[in-house]
Every structure is written in C-alpha cells, then in structure tokens.
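With the first letter of the sequence shown counted as 1, position 82 gets the number 86 in the working numbering; the numbers rise by one all the way through. Ideal placement from N, C-alpha and C gives every residue a C-beta, glycine not left out. Fair warning: this is a prediction, and the values are worked out from it, not measured in the lab.
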Amino acid sequence: MAKKQSTTKKTASKSRLETRVDEELAGKFKEIAETAGISVNQLLQGLVVWAVDNAVQGTPVYDERTGEVTTEPRQGCLYFGHESAFIDEETNEYGEVVEGPYHTNGKVHFVLDFSYQNAIRER
Numbered sequence: 005m006a007k008k009q010s011t012t013k014k015t016a017s018k019s020r021l022e023t024r025v026d027e028e029l030a031g032k033f034k035e036i037a038e039t040a041g042i043s044v045n046q047l048l049q050g051l052v053v054w055a056v057d058n059a060v061q062g063t064p065v066y067d068e069r070t071g072e073v074t075t076e077p078r079q080g081c082l083y084f085g086h087e088s089a090f091i092d093e094e095t096n097e098y099g100e101v102v103e104g105p106y107h108t109n110g111k112v113h114f115v116l117d118f119s120y121q122n123a124i125r126e127r
C-alpha cells in the first residue's frame, strides 16, 4: 500500500520586499552587480543584511574631544555604524583570556535623517 502524500505546505523562508527607484539608480545597481559577477538580488540581499546588522535608531553624537560616538534618540532618524563601547575580556572554552578588555570609539558610516529634513549625511 502506497504512503499517503502530505498536504501540508512548507512555509517559505524568504519574504518579498519591493521598492521603486529612479531608472538611473537601478542602472547603477545593475552595473555594480554585473561588475562584481553577482545578481542584483544578491547585491540587494547583501546590502540589506549589512544595514540590519549596523542600523542604530537615533542620531549620532560625535564628541570631537574624545572621538566617541553616542546616540541621541530622534524619531525619523537612524544611522549605520555603532556606538562607542567598552568590551569586556573574551575567554575561550578553557577560561583563558583570548582578548583583553578594550574600548572602541564607535563608527558612523552614514545617517538617514527624515526628522525635519530629507537628508543623507556622510561622515
């Protein structure tokens, strides 16, 4: 006797995101992808993964004296990078210190600010 086929559908592990961009910008994306030997979808997927991993909600505040970056909450504003942080020491599975405690000043790659102006700021 043959096994009965399962009628449950597998859920998709991907979701469709759509956006409209100027034709010139779309052409530049295609050119970048072709030069790299990848598809536009692969390029966009990589950029989205990077953006999600590096997005910080708020506006960056840069301290000229110390070089540190902190975040001021502001609706309609986010930046890509990371805040200044003190990182505790890291140990391996044997409890040995692999990397001592250290401080990072933070980094701002770029800012999207739609709070009171439509601007892309670079640093």
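Discussion item. Measuring straight from C-alpha to C-alpha, what distance separates T23 and V102?
Written reply: Here residue 23 corresponds to residue number 19 of the sequence shown, with the count starting at 1. Here residue 102 corresponds to residue number 98 of the sequence shown, with the count starting at 1. One C-alpha to the other measures close to 44 Å.
Practice prompt. Could you tell me which residues DSSP pairs with I91 in its beta bridges?
Written response: For this step, residue 91 is matched to residue 87 along the sequence shown. DSSP, once it has assigned bridges, lists Y106 as partnering I91.
Item to complete: Give the range of the alpha helix (DSSP H) segment to which T39 is assigned.
Response: Residue numbering aside, residue 39 sits at position 35 when the sequence shown is read from its first letter. First-last of the alpha helix (DSSP H) with T39: 27-40.
Worksheet item: Going by other Cβ atoms of all chains shown within 10 Å of its Cβ, with 16 needed for buried, is G110 buried or exposed?
Response: Numbered from 1 along the sequence shown, position 106 holds the residue referred to as residue 110. It is buried - the Cβ of G110 has at least 16 other Cβ atoms within 10 Å.
Worksheet item: With burial defined as no fewer than 16 other Cβ atoms inside 10 Å of the residue's Cβ, what is the status of H86: buried or exposed?
Response: Working through the sequence shown from its first residue, we reach residue 86 at position 82. Taking all protein chains shown into account, H86 has 16 or more neighbouring C-beta atoms within 10 Å of its C-beta and is therefore buried.
Practice prompt. In angstroms with no decimal places, state the Cα-to-Cα distance between R20 and T70.
Written response: Here residue 20 refers to the residue found at position 16 when the sequence shown is read from its first residue. Here residue 70 refers to the residue found at position 66 when the sequence shown is read from its first residue. Going from the Cα of R20 to the Cα of T70 covers about 43 Å.
Discussion item. Let me check one thing: in DSSP terms, what residues is Q61 bridge-paired to?
Written reply: Within the sequence shown, numbered from 1, the residue matching residue 61 stands at position 57. DSSP, once it has assigned bridges, lists L82 as partnering Q61.
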